[in-house]
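In our numbering, the protein residues as written are 150 to 524.
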């Protein structure tokens, strides 16, 4: 249902790129009763204190107050204010007793707030001199919420680091709408370049900076793709592969099996998070709807595209996989779908869940595959 430019659906449609806050009912519906309350303390304004004064401005028009995207997880207004209803909770880094993985935060740029959370598996005993491949991981959250310190990522990335023997670099990039794209892309590329240059002792002592994987879920999957396309020189040469988990892509027209309402919502979100795309095709901007001419330039040798059967974004993920496989790219494209599951289910369910275990097994196999395995 469409009202006055305010996107509200009576049909249950998954929340756009939101992770670890889902249930099978109201939490998946745009415009549900959960989304109707305002958490004023979590409202962040694009222009900071200057825009805060606008709340008390009696001359402010109703158009400025209009809600253009309303979800149980965030609310975006026509003047680019945002209420973040989830995604602001954080957990500190530290030692994870269940996996033996240690994490810590490292600041790359104090001025922009760019930092990474590093995850290092047990390096004692026979592992002390072993060089580990790097995994640059980009969190999801519709480009507007969540962080590298969000609670859902700590157990997931600790388990992945331990099982696949990866030194994980989880990137905390700037969020829209305060910092519209391409800020988040630029931050993420900078983190890749920093990691490949061995910007921290953990990286220089324990990391094989010539073997780098990129990965991310939802909006983070989109970022992983775009960082790969933006990388050049030493950073591009280091990329061995990418794993895109329920990645966020879209376009102006629906692909086979994609709901028109979903396309419309994604188009509205993209217009907010990347205003400059209005001059480059809107939702057909190549960063959101990559053409085959871009896909054939993908660095690395392998890309794993993962999807979930019940995710409304799966038709677009399948279209991305098929386009990459047919693009003339010289690498190997792989497809994996989690039957009976919804968007980023693996962040909301325990690691012992069979579907989570199956996905983890597939990711570990992908990251640990040797050249001999591929041949």
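Note that the Cβ used here is the ideal one computed from N, Cα and C, for glycine as well.
In this text, all values refer to a predicted model and were calculated from it rather than measured experimentally.
- Put residue 467 into one of helix, strand or coil per three-state DSSP. Note: residue 467 maps to helix in three-state DSSP.
- Straight-line Cα distance separating residue 378 from residue 447: Straight-line Cα distance between these residues: approximately 6 Å.
- Query: Where do the ends of the alpha helix (DSSP H) carrying residue 239 lie?
  - Reply: Counted as a single uninterrupted DSSP element, the stretch harbouring residue 239 is not any alpha helix (DSSP H), since DSSP gives it neither H nor E.
- Query: So, are the CB atoms of residue 337 and residue 372 less than 8 Å apart?
  - Reply: The answer is yes: Cβ separation under 8 Å.
- Return the chain-ordered list of same chain residues with a C-beta closer than 6 Å to the C-beta of residue 351, the five sequence neighbours on each side being excluded. Around residue 351: 267, 269.
- Around the Cβ of residue 296, are there at least 16 other Cβ atoms within 10 angstroms (buried) or fewer (exposed)? Around the C-beta of residue 296, 16 or more other C-beta atoms lie within 10 Å, and the residue is accordingly described as buried.
- Task: Go through its chain and collect everything with a Cβ distance to residue 385's Cβ below 7 Å, but skip five positions before and after it.
- Result: Same-chain partners within the cutoff: 448.
- Opposing strand residues paired with residue 282 [DSSP bridges]: Answer by DSSP bridge pairing, in chain order: 357.
- Message: Bridge partners for residue 383 per DSSP, in chain order?
- Response: In the DSSP output, where bridge partners are listed per residue, residue 383 has none listed.
- Query: Roughly how many angstroms lie between the CA atoms of residue 383 and residue 363, to the nearest whole one?
  - Reply: Just so you know, the alpha carbons of residue 383 and residue 363 end up roughly 15 Å apart.
- Tell me, please, which residues DSSP counts as bridged to residue 317. In the DSSP output, where bridge partners are listed per residue, residue 317 has 268, 284.
- What residues in its chain sit with their C-beta under 8 Å from that of residue 401, if we drop five residues either side in the sequence? Short of 8 Å from the beta carbon of residue 401, and not among the five residues preceding or following it, lie these beta carbons of its own chain, in chain order: 412, 416, 430, 431, 432, 433, 438.
- Task: Would you check if there are 3 or more beta carbon pairs closer than 8 Å linking the region 296-313 to the region 235-254?
- Result: With the cut-off at 8 Å, the region 296-313 and the region 235-254 touch.
- Whole-angstrom C-beta distance between residue 309 and residue 453, which should lie under 8 Å: Rounded to the nearest angstrom, the Cβ distance from residue 453 to residue 309 is 13 Å, too far for a contact under 8 Å.
- Message: On the CB-based measure, 16 or more other CB atoms within 10 Å of its CB, does residue 520 come out buried or exposed?
- Response: Residue placement at residue 520 cannot be trusted, given a pLDDT of 47 that sits under 50; the coordinates are not used to answer.
- Item | As assigned by DSSP and simplified to three states, the class of residue 250 | Strand at residue 250.
- Message: Am I right that residue 305 and residue 496 are in contact with their C-beta atoms under 8 Å? What's the rounded C-beta distance?
- Response: Contact holds; Cβ gap of about 6 Å.
- Message: Can you list, in chain order, the residues of its chain with a C-beta nearer than 7 Å to that of residue 462? Leave out the 5 residues immediately preceding and following it.
- Response: The beta carbon of residue 462 sits closer than 7 Å to the beta carbons of 395, 397, 492 from its chain, once the five residues preceding and following it are set aside; these are given in chain order.
- Just mark residue 256 as buried or exposed, buried being the case when its beta carbon has 16 or more other beta carbons within 10 Å. Residue 256 is exposed by the Cβ-count criterion.
- Item | residue 440 classed as buried or exposed, judged by whether at least 16 other C-beta atoms fall within 10 angstroms | Burial call: exposed.
- Item | alpha helix (DSSP H) segment containing residue 336, residue limits | Note, residue 336: alpha helix (DSSP H), 332-345.
- Item | Reference residue 483; option with closest CA among 473, 489, 254 | Selected option, being the one with the closest Cα: 473.
- Return helix, strand or coil for residue 220, following the three-state DSSP convention. Three-state DSSP puts residue 220 in coil, outside helix and strand.
- Identity of the residues DSSP links to residue 436 by a beta bridge: Partner(s): none; residue 436 has no beta bridge.
- Message: Can you look up residue 233 in the DSSP assignment and give me helix, strand or coil?
- Response: The answer is strand: DSSP assigns residue 233 an E or B state.
- Task: Determine the direct distance from the alpha carbon of residue 456 to that of residue 468, and round the result to whole angstroms.
- Result: The alpha-carbon atoms of residue 468 and residue 456 are separated by roughly 11 Å.
- Query: For residue 451, does the three-state DSSP call read helix, strand or coil?
  - Reply: It is a strand residue.
- Message: I need the DSSP call for residue 275, collapsed to helix, strand or coil.
- Response: Reduced to three states, the DSSP call for residue 275 is helix.
- Message: Suppose contacts are defined by Cβ-Cβ distances below 8 Å. Is residue 284 in contact with residue 339 by that definition?
- Response: Not in contact: residue 284 and residue 339 (Cβ atoms no closer than 8 Å).
- Task: Would you decide whether residue 499 is buried or exposed? Buried here means 16 or more other CB atoms lie within 10 Å of its CB.
- Result: Exposed is the call here.
- Query: How many angstroms separate the CA atom of residue 501 from the CA atom of residue 494?
  - Reply: The alpha-carbon of residue 501 is positioned some 13 Å away from that of residue 494.
- Item | Spatially closest choice to residue 451 from 489, 381, 243, 478, by CA coordinates | In terms of CA proximity to residue 451, 478 leads the group 489, 381, 243, 478.
- Message: I want to check one thing, is the minimum distance from the CB of residue 283 to the heavy atoms of the ligand FMN below 7 Å?
- Response: Absence of the ligand FMN from the depicted structure is noted, as is the absence of any ligand whatsoever, leaving it without description.
- Item | Check whether residue 290 and residue 380 have beta carbons under 8 Å apart | No, the Cβ-Cβ distance between residue 290 and residue 380 is not below 8 Å.
- Message: Helix, strand or coil for residue 414? Go by DSSP, reduced to three states.
- Response: Helix.
- List the residues that DSSP assigns as beta-bridge partners of residue 487. Looking at the DSSP assignment, residue 487 forms a beta bridge with 457.
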